[in-house]
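Report on one structure; see the data block that follows.
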Ligand code: NAD
Ligand code: MG
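Residue numbers (the working numbering): 349 to 764.
Right, dumping it as structure tokens:
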């Protein structure tokens, strides 16, 4: 189980990797409400010290720099750095410009920034692994949105976090709910008292669709999530229920529970964000509106609960009904594949994650149909020779192999 340790000093220095995405922007909204100038108490003040983002939204990044004035910024390459620098200069405000770094070196520098006691991992995919491990080695708090890091390298993350007493607080709404449920029960650190984890999921846009209709689903059908507004990759993962499957593996490592104790429950209203059932029969869960600012706010201020002007309130009397159902593994084969991979507890999870990143990108570009996603993943995982307790080198190698293998499989699928 996750344990709390280090006490943070005020104001909280926060670094965000992936600041222009859905989670990144919502994190900055929390930081805006807790800016050192506005915050009544220094303990509740947040100072943004470093930001890293991809190359597609440099204008947004420029605005973030002007507003939050971080010391350090990182972008993927030299061309993005020049473009960002010119945009900042054109703006003409007489502000001290941040240091701008590029590539992996820049991402790592953001993660390791000495003024940041907290790293928010809001990038998508395997890209998050190295910076997360780097920040853990320095004992920083990890506000973990980037679930792919836990899927691909969860055992390494936990080993390192224990060694360096780094606190990992999940942002994924379900995992935040499980984390909070374990806190409420005072049973943290006693996994034998957990009967099972009840991992809820909305069921995505195709919950009620037939197998045939799902197979013919378009990109815009799949991007039309009923409850959450999120980045493109996680939205497609939510349509295949791959997201729920990745979350099983994420929970397996975050809470050190085997797959056999993680039960997926479909809950279309997304109000109960997940729950824990204890051996005495008690179920403790966390409820809230579907708004990621709540788990982000909770993770930043944990273990304190601090008032928020940003988190919308749930009114129980206004909810007409909460419903629950079993997931359908036949219509959603990605979920079944993740369960199998989670049971294996080896490098297959890293392979599945990498292949999924390639396949989702291909689907978003219209190169394959919806049913091609599961088919390709099953094939790539089937061809992998699993490694038990993989090292970081093994993980990097498996990730690379799976990307190549997925691309080859996709090319074969597209050949008439
Ligand atoms: P997103 O696509 O909206 O944002 C991704 C961010 O990563 C962007 O800022 C992008 O610029 C940045 N990025 C891309 N390449 C980069 C690079 N080379 N270097 C630095 N930054 C780079 O994604 P999101 O929806 O915010 O999701 C982020 C993570 O949080 C994912 O792992 C996702 O599974 C997880 N998560 C998201 C939500 C949600 O509501 N959006 C909920 C739960 C978990
Ligand atoms: Mg989630």
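Yeah, the Cβ is synthetic: ideal placement off N, Cα and C, and Gly gets one too. Note that the structure is a prediction, hence the values are computed from the model and not measured.
Roughly how far, in whole angstroms, is the beta-carbon of residue i from the beta-carbon of residue j, given that I think they are within contact range, below 8 Å?
{"i": "residue 596", "j": "residue 582", "result": "Not quite, the Cβ-Cβ distance comes to about 15 Å (not below 8 Å), so this is no contact."}
{"i": "residue 638", "j": "residue 618", "result": "4 Å"}
{"i": "residue 370", "j": "residue 577", "result": "7 Å"}
{"i": "residue 514", "j": "residue 489", "result": "7 Å"}
{"i": "residue 484", "j": "residue 508", "result": "5 Å"}
{"i": "residue 495", "j": "residue 386", "result": "Their Cβ separation, rounded to whole angstroms, is 31 Å, which puts residue 495 and residue 386 out of contact at 8 Å."}
{"i": "residue 468", "j": "residue 364", "result": "4 Å"}
{"i": "residue 359", "j": "residue 393", "result": "3 Å"}
{"i": "residue 567", "j": "residue 592", "result": "At roughly 20 Å, the Cβ-Cβ gap does not stay under 8 Å, so residue 567 and residue 592 are not in contact."}
{"i": "residue 579", "j": "residue 477", "result": "That pair is no contact at about 18 Å."}
Do you know whose CA, among the options, lies nearest residue i's CA?
{"i": "residue 574", "options": "554, 392, 661, 559", "result": "554"}
{"i": "residue 723", "options": "680, 504, 738", "result": "680"}
{"i": "residue 559", "options": "719, 725, 714, 374", "result": "719"}
{"i": "residue 565", "options": "496, 716, 497, 579", "result": "716"}
{"i": "residue 678", "options": "486, 557, 439, 417", "result": "557"}
{"i": "residue 670", "options": "392, 630, 635", "result": "635"}
{"i": "residue 442", "options": "448, 452, 417", "result": "417"}
{"i": "residue 743", "options": "727, 380, 503, 561", "result": "503"}
{"i": "residue 470", "options": "431, 439, 707, 519", "result": "519"}
{"i": "residue 701", "options": "676, 501, 664", "result": "501"}
{"i": "residue 447", "options": "526, 397, 391, 693", "result": "397"}
{"i": "residue 493", "options": "703, 599, 435, 439", "result": "599"}
{"i": "residue 438", "options": "464, 452, 411, 463", "result": "411"}
{"i": "residue 620", "options": "374, 694, 663, 584", "result": "663"}
{"i": "residue 475", "options": "569, 486, 372, 451", "result": "451"}
Per DSSP, which one or two residues make a beta bridge with residue i?
{"i": "residue 544", "result": "625"}
{"i": "residue 422", "result": "400, 449"}
{"i": "residue 694", "result": "736"}
{"i": "residue 518", "result": "492"}
{"i": "residue 360", "result": "394"}
{"i": "residue 620", "result": "635"}
{"i": "residue 566", "result": "In the DSSP output, where bridge partners are listed per residue, residue 566 has none listed."}
{"i": "residue 466", "result": "362, 489"}
{"i": "residue 673", "result": "614"}
Under 8 Å between the Cβ atoms of residue i and residue j?
{"i": "residue 424", "j": "residue 458", "result": "no"}
{"i": "residue 491", "j": "residue 466", "result": "yes"}
{"i": "residue 616", "j": "residue 550", "result": "yes"}
{"i": "residue 672", "j": "residue 542", "result": "no"}
{"i": "residue 399", "j": "residue 461", "result": "no"}
{"i": "residue 331", "j": "residue 367", "result": "Past the boundaries of the shown model lies residue 331; the chain is included only from 349 to 764, so the question cannot be answered."}
{"i": "residue 757", "j": "residue 729", "result": "no"}
{"i": "residue 434", "j": "residue 590", "result": "no"}
{"i": "residue 545", "j": "residue 526", "result": "yes"}
{"i": "residue 529", "j": "residue 646", "result": "no"}
{"i": "residue 682", "j": "residue 588", "result": "yes"}
{"i": "residue 754", "j": "residue 721", "result": "no"}
{"i": "residue 552", "j": "residue 586", "result": "yes"}
{"i": "residue 747", "j": "residue 698", "result": "yes"}
{"i": "residue 734", "j": "residue 692", "result": "yes"}
| message | Does the region 730-742 come into contact with the region 588-608, if we say contact requires no fewer than three beta-carbon pairs (one atom in each stretch) closer than 8 Å? | response | no
| request: Could you tell me whether the region 685-694 touches the region 650-666, using the rule of 3 or more Cβ pairs below 8 Å? | output: no
| query | So does the region 706-713 actually touch the region 646-653, counting three or more Cβ pairs closer than 8 Å? | reply | no
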